[in-house]
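Novice: This is the structure, below, for whatever I ask next.
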Amino acid sequence: MHLSRYFLPVLRDTPKEAEIISHQLMLRAGMVRQSSAGIYSWLPLGLRVLDKIANIVRDEQNRAGAIEVLMPTIQSADLWKQSGRYEDYGKEMLRIEDRHEREMLYGPTNEELITTIFRDGVRSYRDLPRNLYHIQWKFRDEIRPRFGVMRGREFLMKDAYSFDLSEEEGRRSYHRMFASYLRIFARMGLQSIPMAADTGPIGGDLSHEFIILAETGESQVFCHQDLIDGAIPPIDLDYDGDLTPIVDKWTSLYAATDEMHDAAKFDAEVPSDKQVSARGIEIGHIFFFGTKYSEPLNCKVQGPDGTPVALHMGSYGVGVSRLVGGIIEACHDDGGIVWPVPVAPFEVGLINLKSGDAGTDGACASLYERLINAGIDVLYDDTGERAGAKFATMDLIGLPYQLVVGPMGVANGMAEVKDRKTGDKQEVPIDTVADTLIDRVKSQRILC
RNA sequence: CGGGGCAUAGCUCAGCCUGGUAGAGCACCUGGUUUGGGACCAGGGGGUCGGGUGUUCGAAUCAUCCUGCCCCGACCA
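As structure tokens, then:
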């Protein structure tokens, strides 16, 4: 992409409505614009990140055997009346009336809908287990939206729903998602920590919030130090195999958010030099709820003995749009955002220090072409801005690598590669710099 | 929903107290000088001062109502 033809409205000053760093940087880097409280438009740069995150989630969910569908944002109130949640959900649910005065709602989640879809498509226990997911916009009319995209009213979420014949089978489905989640976040450069969460009326031990640590996190969390660099399941993990060792390993050490925190237990189980007390951001939540929806919505199949059995279900959410903010909270410095390669809107920022100069124009054009042909996402700053402004903008939007081409370098056959994260600058012969970058970028596309 | 704050140019803000018809920096346009870490000079465009009502000869400024947004709290992926 040529910057001169792109839409990247960057801001030099920080808009005053933004309080936390990710919100400030997303506004400044031209990623989003607020449309109303907790509702955002995604500009080109932000959308690219959103898509990359969604694709990682998609890739890993598919790997774990989940199957993608797409349900609507608008749902009928009837369904929710059947499950009893139409009343329970309260004012957080945005209720709408259509022209025929039918009660509709903008979906805050999809348990009811997916349950009926699955119910109507399956008759036999032989069709189990299944896990269906979609990545769709949700709306929850939060009392007080804040923190930009991290706590918006409209948000993009991946939600998966598992269907099993028994609780035992359901537990296996839960474990698959547990392992998949560790990989999803690790692939974005985030170390997530599964923490025991409130299971609500169902009880049991099958509910975990996946938390990343960040100073601006909204909740206080407590955990064992060793979880912070716990081993991530490998890319070729066999999801049909026994995953309990992985889950056990991750859940054997203490980890809890403040509402589940037990100070006495924490002190007893975790040596004082391993005790971590920090702020955290919830980026995923998985839980098993048995037959809570399958019973009222009559989602049953015939079991081996011919009797109908209500299915055991779980649901598994990832806050896709929230992750954009979450990653920035975890990955920034004074100059701006520092994207991990797998989610970077562009992988390389090519800077022509003297647009209009035949030498740099030619060198940049050929470098751009080679990178693009190799499948690298490149943003080429071919504008007439001064060098300093170009550097500042590139740092702000946080592309992992900057490839700097100036008249002096071209004269010597050299270009400069800057690593955004470390700040290291390296002079590389202009003939080989494209290959060097291609290798470096590709080696970092999947971090685990 | 309770408490607090803000609303003037695309962004950051001054002007308001003490009423006299709107400013700065950055951004943008034109010309020139510049050109390796957010340049400089000159000229220029852009605002029904969030909206209504009232007070007044006259309101960005005073009064009042409304709306929007932000922060703290309870609530949440």
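In my numbering, the protein residues as written are 3 to 450.
Quick reminder that beta carbons are idealized off the backbone N, C-alpha and C, glycines included.
If you draw a straight line from the C-alpha of Y256 to the C-alpha of G286, how long is it?
Specialist: Approximately 18 angstroms between the Cα atoms of the pair.
Novice: Relative to the C-alpha of E94, which residue among I69, R121 and D143 is closest?
Specialist: Minimum Cα distance to E94 is reached at D143.
Novice: With 16 other CB atoms within 10 Å as the buried threshold, where does E156 fall?
Specialist: So E156 ends up on the buried side.
Novice: By Cβ distance below 8 angstroms, which residues in the same chain neighbour I432 in space, the five residues on each side in sequence not counted?
Specialist: So the list reads A365, L369, V407, G411, V412, G415, M416 and A417, once near-sequence residues are dropped.
Novice: Using 8 angstroms for Cβ pairs, my map puts L401 next to G351. What's the rounded Cβ distance?
Specialist: About 4 angstroms separates the two Cβ atoms, so the contact holds.
Novice: With a Cβ-Cβ cutoff of 9 angstroms, do H210 and F165 count as a contact?
Specialist: Their beta carbons are not under 9 angstroms apart, which means H210 does not touch F165 by this criterion.
Novice: Output the distance between the C-alpha atoms of K427 and I353, rounded to the nearest integer angstrom.
Specialist: Going from the Cα of K427 to the Cα of I353 covers about 14 angstroms.
Novice: Mind checking who K160 pairs with in its DSSP beta bridge?
Specialist: In the DSSP output, where bridge partners are listed per residue, K160 has I137 and V320.
Novice: So, with DSSP's three-state summary, where would you put H1?
Specialist: Nothing can be reported for residue 1: it is not among the residues displayed for the chain, which extend from 3 to 450.
Novice: Would DSSP call C450 helix, strand or coil?
Specialist: It is coil, neither helix nor strand.
Novice: Looking only at C-alpha atoms, which of G172, Y88, L13 and R372 sits nearest to E105?
Specialist: Of the candidates G172, Y88, L13 and R372, the one whose C-alpha sits nearest the C-alpha of E105 is Y88.
Novice: Kindly indicate which three-state DSSP category L352 falls into: helix, strand or coil?
Specialist: It is a strand residue.
Novice: Taking DSSP's pairing of strands, which residues face Y42 in a bridge?
Specialist: Note: Y42 sits in a beta bridge opposite Q36.
Novice: By Cβ distance, which residues of its chain are closer than 8 angstroms to T362, with the 5 residues on each side in sequence left out?
Specialist: Excluding sequence neighbours, T362 sits near N354, L355, K356, V407, G408, P409 and V412.
Novice: In chain order, what are the residue ranges of uninterrupted beta strand (DSSP E) at least 3 long that sit wholly in the stretch 192-232?
Specialist: Fully enclosed beta strand (DSSP E) runs of 3 or longer: 195-198, 209-215 and 221-226.
Novice: Would you identify the three-state DSSP class for V430, choosing helix, strand or coil?
Specialist: Three-state result, V430: strand.
Novice: For R70, does the count of other Cβ atoms within 10 angstroms reach 16, so buried, or fall short, so exposed?
Specialist: It should be noted that the sequence gives Glu, not Arg, for residue 70. With fewer than 16 other Cβ atoms within 10 Å, it is exposed.
Novice: Out of D244, D336, L405 and E349, which has the shortest C-alpha to C-alpha gap to A367?
Specialist: It is L405 whose Cα lies nearest to the Cα of A367.
Novice: Please list, in chain order, all residues of the same chain as L439 whose beta carbon is under 8 angstroms from its beta carbon, the five residues on each side excluded.
Specialist: Here the set comprises V350, L373, I378, Y403, L405 and V419.
Novice: Quick check on DSSP: helix, strand or coil for S168?
Specialist: Reduced to three states, the DSSP call for S168 is coil.
Novice: Look up F180 in the DSSP assignment and say whether it is helix, strand or coil.
Specialist: Three-state DSSP puts F180 in a helix.
Novice: With distances taken between CB atoms, is the gap from K160 to Q63 smaller than 9 angstroms?
Specialist: Yes; because the gap between Cβ atoms is below 9 angstroms, this pair is in contact.
Novice: Measuring only the C-alpha atoms, how far is D15 from I23?
Specialist: Distance between the alpha carbons of D15 and I23: 13 angstroms.
Novice: Can you give the beta carbon distance from F291 to M315, rounded, assuming they're within the 8 angstroms contact cut?
Specialist: About 6 angstroms separates the two Cβ atoms, so the contact holds.
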